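See below for the structure under consideration.
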Amino acid sequence: MMKRESVPTEQAWVEARLWGKEHGLPRPYPVICHLLDTAGVFQGLWDVLLSDQLRVSIARALGLSVGEARGVLSFWAGLHDLGKITPPFQAQVPAAFAMVQSDPAFAFAAGAERERAFRHEMATHWALAQLLAESGYPGNERMMRRAVSHHVAQLLGGHHGCFGVALRPREVMHADAYQPGLGGEGWAAQRQAHFNEVRRVTGAWGVPTQQLPAELAVIVSGLVVVADWLASQTEAIVPLLPPPGWQATSAEIDAHWARTRKAAAGLVSTARLGRARFAAMRFEEMFPFSPNGLQSDLAAHLPQLVSAKGTGLLLVTAPTGDGKTEAALYAASVLGRAAGARGLFFALPTMATADAMYPRVGEFAGRALSGERALTLLHSMAWLSPAYDTAASSEQTGSGVVSADEGTATEAGNWLRGSKRGLLAPLSVGTVDQALSAVLPLAHNALRLFGLCDKVFVVDEAHAYGPWMHQLMTRLLEWLGALGAPVVLLSATLSGRTASSLVDAYRRGAGFLEPSMVKPCYPGWVFTDAATGEVSIPREVGSGRARRLDVQVRPVLWDTTAAAGSPVLAGGRRAALRKVLEPVVAHGGTALVCCTTVAEAQQTFRDLRASFPDLASRAGGVRLLHSRYPAHLRQSITAECEAAYGKPRSPEDVAQPRPASILVATQVVEQSLDLDFDLVVTDLAPLAQLLQRAGRGRRHARGCAGRPVWALPEEEPRLVVLAPVGDDGRTLVPKTWGSVYDAGLLQRTAHLLHEREETGIAVPEAVQELIDTVYAEDFVDQLDGAARRELRQKDAVRQAEEAAQAHLAEIVAIPAPADVAGDLHQLSRREAGVSEELLTTRLGADSGRVLCLYEQPDGALTLDEDGTLPLPTASGSGLTHAELRQVMAHVAPVPGSWLRGAEVQPAPSGWDKHPVLREVALLRVAPAGREETGAVWSGRLGTRTIRTSPVGLEAG
Numbered sequence: 013m014m015k016r017e018s019v020p021t022e023q024a025w026v027e028a029r030l031w032g033k034e035h036g037l038p039r040p041y042p043v044i045c046h047l048l049d050t051a052g053v054f055q056g057l058w059d060v061l062l063s064d065q066l067r068v069s070i071a072r073a074l075g076l077s078v079g080e081a082r083g084v085l086s087f088w089a090g091l092h093d094l095g096k097i098t099p100p101f102q103a104q105v106p107a108a109f110a111m112v113q114s115d116p117a118f119a120f121a122a123g124a125e126r127e128r129a130f131r132h133e134m135a136t137h138w139a140l141a142q143l144l145a146e147s148g149y150p151g152n153e154r155m156m157r158r159a160v161s162h163h164v165a166q167l168l169g170g171h172h173g174c175f176g177v178a179l180r181p182r183e184v185m186h187a188d189a190y191q192p193g194l195g196g197e198g199w200a201a202q203r204q205a206h207f208n209e210v211r212r213v214t215g216a217w218g219v220p221t222q223q224l225p226a227e228l229a230v231i232v233s234g235l236v237v238v239a240d241w242l243a244s245q246t247e248a249i250v251p252l253l254p255p256p257g258w259q260a261t262s263a264e265i266d267a268h269w270a271r272t273r274k275a276a277a278g279l280v281s282t283a284r285l286g287r288a289r290f291a292a293m294r295f296e297e298m299f300p301f302s303p304n305g306l307q308s309d310l311a312a313h314l315p316q317l318v319s320a321k322g323t324g325l326l327l328v329t330a331p332t333g334d335g336k337t338e339a340a341l342y343a344a345s346v347l348g349r350a351a352g353a354r355g356l357f358f359a360l361p362t363m364a365t366a367d368a369m370y371p372r373v374g375e376f377a378g379r380a381l382s383g384e385r386a387l388t389l390l391h392s393m394a395w396l397s398p399a400y401d402t403a404a405s406s407e408q409t410g411s412g413v414v415s416a417d418e419g420t421a422t423e424a425g426n427w428l429r430g431s432k433r434g435l436l437a438p439l440s441v442g443t444v445d446q447a448l449s450a451v452l453p454l455a456h457n458a459l460r461l462f463g464l465c466d467k468v469f470v471v472d473e474a475h476a477y478g479p480w481m482h483q484l485m486t487r488l489l490e491w492l493g494a495l496g497a498p499v500v501l502l503s504a505t506l507s508g509r510t511a512s513s514l515v516d517a518y519r520r521g522a523g524f525l526e527p528s529m530v531k532p533c534y535p536g537w538v539f540t541d542a543a544t545g546e547v548s549i550p551r552e553v554g555s556g557r558a559r560r561l562d563v564q565v566r567p568v569l570w571d572t573t574a575a576a577g578s579p580v581l582a583g584g585r586r587a588a589l590r591k592v593l594e595p596v597v598a599h600g601g602t603a604l605v606c607c608t609t610v611a612e613a614q615q616t617f618r619d620l621r622a623s624f625p626d627l628a629s630r631a632g633g634v635r636l637l638h639s640r641y642p643a644h645l646r647q648s649i650t651a652e653c654e655a656a657y658g659k660p661r662s663p664e665d666v667a668q669p670r671p672a673s674i675l676v677a678t679q680v681v682e683q684s685l686d687l688d689f690d691l692v693v694t695d696l697a698p699l700a701q702l703l704q705r706a707g708r709g710r711r712h713a714r715g716c717a718g719r720p721v722w723a724l725p726e727e728e729p730r731l732v733v734l735a736p737v738g739d740d741g742r743t744l745v746p747k748t749w750g751s752v753y754d755a756g757l758l759q760r761t762a763h764l765l766h767e768r769e770e771t772g773i774a775v776p777e778a779v780q781e782l783i784d785t786v787y788a789e790d791f792v793d794q795l796d797g798a799a800r801r802e803l804r805q806k807d808a809v810r811q812a813e814e815a816a817q818a819h820l821a822e823i824v825a826i827p828a829p830a831d832v833a834g835d836l837h838q839l840s841r842r843e844a845g846v847s848e849e850l851l852t853t854r855l856g857a858d859s860g861r862v863l864c865l866y867e868q869p870d871g872a873l874t875l876d877e878d879g880t881l882p883l884p885t886a887s888g889s890g891l892t893h894a895e896l897r898q899v900m901a902h903v904a905p906v907p908g909s910w911l912r913g914a915e916v917q918p919a920p921s922g923w924d925k926h927p928v929l930r931e932v933a934l935l936r937v938a939p940a941g942r943e944e945t946g947a948v949w950s951g952r953l954g955t956r957t958i959r960t961s962p963v964g965l966e967a968g
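In this text, residue positions in the sequence shown follow my numbering: the first is 13, and each later residue adds one.
This is the structure in structure tokens:
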């Protein structure tokens with residue numbers, strides 16, 4: 013029901029002496045002005061940022077017209093800082109507070125001004141619950157979480173990232189008794205006066221008849237936060253500062269409202285928070301080549317399916333190198349156009365894959381999209397990416413300095429300044445944790461949900477996540493399903509059970525609870541729409557790259573700790589490696605040796621150099637790539653590998669075989685790099701990972717002339733698997749591997765591979781069957797008694813660990829939208845003992861960062877061993893951007909266990925001004941001799957000796 017409220021004739025005037033912003037300004041800014049500014053910016057965001065479909069959905073949920081909803085919601089946005097009209101907040105600027113403190117009209121209980129724990133956003137929640145009820149918003153005397161008035165108050169009280177606990181009816185009725193920080197009657201009268209004036213100027217006379225569902229509440233919350241941050245920029249406030257003597261009369265308020273509405277459009281435009289448009293229709297318009305089989309099938313059938321059913325979730329399964337990225341971007345265009353989406357977020361498993369995808373999405377946007385095409389790269393080290401740093405610097409507009417307390421200013425700046433627009437930008441590429449954080453009870457998780465809500469969400473390597481992240485992914489898909497947001501999932505190896513869990517999570521969010529039992533085709537695709545929940549018949553497509561994988565399993569004794577160049581153990585891994593690499597060394601060609609741990613990769617690299625000294629003496633003869641290098645060195649090595657093993661760039665590149673070269677690497681090559689080798693040798697790993705690695709074998713067409721004779725035919729790439737065994741010949745997982753892989757899954761994989769040695773593996777035809785088989789519950793039935801009992805025990809351990817991780821994720825994750833049930837605090841509530849640090853650490857795995865400081869003969873500490881890069885010291889404002897980049901370029905990731913309990917070198921003065929540096933452990937290192945590859949430096953981290961050399965960081 014809607015009604016028009018008249019403004020009471022007898023009411024308190026708006027007090028212009030009450031300030032809302034002060035930091036960095038020539039004089040305090042009246043709170044009424046900031047409320048109006050935020051309302052004006054909200055209207056600009058509503059007009060530009062939301063799709064027609066979302067505006068209609070929100071208005072319908074409120075029981076209002078779209079026009080009424082615009083005014084009402086901008087009124088809400090203006091009320092977000094009403095809690096600043098309280099003694100504790102006003103007392104933060106003593107000079108301004110003194111002007112009202114002595115006024116009898118602003119009386120308050122003794123000590124109320126010192127109630128700093130009662131933050132202004134909490135005061136907004138407490139004050140608005142009653143003000144909205146008194147103004148006609150539906151209430152509920154017995155249960156506040158069912159009251160529309162409380163729902164809006166709680167939503168606005170969450171504008172600093174956390175929603176407060178639902179209030180009880182008696183707390184709302186007697187708020188000042190429970191919270192003295194609200195002040196006395198004069199303070200309440202001023203909140204009422206500000207409430208009335210904001211309502212008057214926004215024309216928000218409509219009254220919502222019901223609460224917003226959770227999935228729409230996070231959108232409104234996100235819009236309010238962004239409006240607040242944009243309106244809080246110093247450069248936005250200064251032109252709007254009222255002149256001295258401004259009295260906040262109705263006429264003056266109307267004049268300010270006119271000015272701020274005019275300025276709002278420019279603020280939104282400058283922030284580049286607009287909408288991209290999926291303009292291109294045909295595949296050939298989007299890419300400079302013709303579609304392959306998978307892409308052609310999507311182009312032929314997906315548009316008609318989406319036209320009939322509407323947008324939804326697309327699952328694509330295909331081998332590595334079959335053009336899934338282009339298929340996904342084409343599908344994103346089809347789905348995005350149907351949904352009226354404003355952009356896309358491309359989520360990947362690692363920083364390296366995100367860095368590689370960033371320019372590809374940029375090129376696609378340039379050809380296929382119109383409108384606002386601001387593109388961000390999102391991961392913790394994105395600003396070290398040279399391509400992204402250059403692009404972001406060229407886009408930088410305005411200072412983005414926010415007038416607020418330090419914590420709020422930092423948070424807002426991280427989202428809005430240039431390259432820090434994050435998920436709010438129309439286009440983003442980033443690590444998947446950036447999206448999964450939206451379903452953890454972290455500050456501003458609702459803002460992340462808002463950033464994803466009106467975009468196509470593309471997930472690459474959907475199979476690559478463990479139980480913890482998989483459970484979070486299903487929860488995120490529930491939210492996206494509730495929003496009807498388009499989703500594209502890509503995978504090279506996905507079991508039917510995992511596929512069903514992902515598809516059904518999306519369908520649950522859309523309101524369809526019955527299971528679907530998806531059986532993906534390989535290669536192929538399947539689609540489910542958000543409107544009906546129906547799952548299309550999976551479409552199997554042919555592959556233009558059909559191959560037979562020549563699998564050779566070499567059972568070996570694990571002797572990786574033996575000294576490089578020492579006598580070789582018969583039947584050991586070192587002997588097997590020498591044997592399988594002989595053709596490369598003798599006749600040329602390239603080989604990948606993929607190791608399980610960084611330490612084993614480093615030792616394997618040393619041993620192969622000792623075994624093949626002539627090859628090692630040539631430039632690029634034996635290379636090493638892993639994650640435990642300083643960032644700048646890893647980037648350099650990666651670029652070198654892409655040049656040596658990447659896609660052919662000209663006919664000359666395939667005119668003859670490549671010279672002999674071996675790359676020793678870890679799992680970083682599974683997903684992050686487009687590399688091609690004549691031979692792939694790998695330690696035993698779960699089947700899905702082995703197939704990913706096998707995809708690096710003869711990946712690109714080089715023809716007979718471009719491959720050595722031993723690597724022909726090109727369509728039968730060889731995969732040599734070094735399977736660790738005990739003296740009895742049974743699979744025995746090395747202790748050095750720790751818990752990297754599940755022992756039972758390794759045993760299952762080894763058994764399957766032995767069965768396929770004679771026939772090989774038909775790719776892609778046999779892949780789906782193998783993936784489903786390796787996870788099948790009845791797999792153990794084919795084994796003999798002892799092996800069956802052993803595998804059942806290992807399976808039980810794996811299943812228990814997976815269940816524990818999934819249960820932990822279920823406990824700590826926010827509820828599904830249907831389970832929020834009117835209480836937005838459910839999005840912020842954490843279980844006892846669950847901290848934000850614990851959640852973010854768990855999401856990013858157990859890792860730390862180390863910066864080696866090289867001690868020179870004169871005692872100086874430098875960033876490099878040659879002593880040419882002095883350790884920068886901070887000025888009053890901290891390090892410059894160039895200095896910060898230089899420091900972080902020399903930081904290396906290490907296991908978190910290296911740092912626990914270890915004393916580190918104290919940080920230079922001023923480094924604590926930079927949050928990214930607070931996470932870096934400084935390690936003082938001194939010369940410790942030389943080895944065959946170069947100089948060695950070492951230092952101490954607790955009980956560990958850490959060495960750094962050309963092979964990276966190692967723990968002794």
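Backbone N, C-alpha and C define an ideal beta-carbon position, used for all residues, glycine too. Computed from a prediction, not measured in an experiment: that's the story for all the values here.
Beta-carbon proximity of residue i to residue j, cut-off 8 angstroms
i: residue 495; j: residue 249; result: no
i: residue 164; j: residue 93; result: no
i: residue 73; j: residue 225; result: yes
i: residue 345; j: residue 299; result: no
i: residue 198; j: residue 267; result: no
i: residue 238; j: residue 436; result: yes
Own chain residues within Cβ distance below 6 angstroms of residue i, not counting five before or after
i: residue 391; result: 363, 366, 442 and 443
i: residue 409; result: No answer about residue 409 holds up, because its pLDDT of 43 lies below 50 and its placement is not dependable.
i: residue 52; result: 272, 273 and 276
i: residue 5; result: Look at the range of the chain in this structure, 13 to 968, and you will see that residue 5 is not part of it.
i: residue 67; result: 78
Chain-order list of residues whose beta-carbon lies under 8 angstroms from that of residue i (same chain, five-residue window excluded)
i: residue 961; result: 943, 945, 946, 947, 948 and 949
i: residue 39; result: 253 and 256
Same chain, Cβ closer than 7 angstroms to residue i, neighbours up to 5 away in sequence not counted
i: residue 926; result: 890, 891 and 896
i: residue 587; result: 580 and 581
i: residue 529; result: 512
Inter-residue CB distance, residue i and residue j (contact presumed, cutoff 8 angstroms)
i: residue 475; j: residue 510; result: 7 angstroms
i: residue 314; j: residue 539; result: 7 angstroms
i: residue 761; j: residue 792; result: Going by Cβ atoms, the distance from residue 761 to residue 792 rounds to 14 angstroms, so no, they are not a contact pair.
i: residue 502; j: residue 336; result: 5 angstroms
i: residue 542; j: residue 493; result: 6 angstroms
Using a Cβ distance threshold of 8 angstroms, determine whether the region 635-645 contacts the region 661-670, with at least three qualifying pairs required. no
I'd like the ranges of any alpha helix (DSSP H) spanning at least 4 consecutive residues and lying wholly in the region 541-607. 585-599
Write down every uninterrupted run of the alpha helix (DSSP H) in the region 266-336 whose length is 4 residues or greater and which is fully enclosed by it, in chain order. 295-298 and 305-321
Residue ranges of each beta strand (DSSP E) within the region 762-805, 3 or longer: DSSP assignment within the region 762-805 yields the following whole beta strand (DSSP E) runs of 3 residues or more, N-terminal first: 773-775.
Determine, using beta-carbon pairs with one atom in the region 729-741 and one in the region 554-567, whether at least three such pairs fall under 8 angstroms. yes
Does the contact criterion of 3 or more C-beta pairs under 8 angstroms hold for the region 283-297 versus the region 383-397? yes
Alpha helix (DSSP H) runs wholly inside the region 146-179, at least 4 long, in chain order: 160-169
Looking at C-beta atoms only, is the number of pairs between the region 120-132 and the region 55-73 that lie closer than 8 angstroms three or more? no
Quick one: complete alpha helix (DSSP H) runs, 4+ long, within the region 88-136? 99-102 and 106-113
Fully enclosed by the region 662-691, which beta strand (DSSP E) runs are 3 residues long or longer? 673-677
Hey, is the region 131-151 in contact with the region 169-185, meaning 3+ C-beta pairs nearer than 8 angstroms? yes
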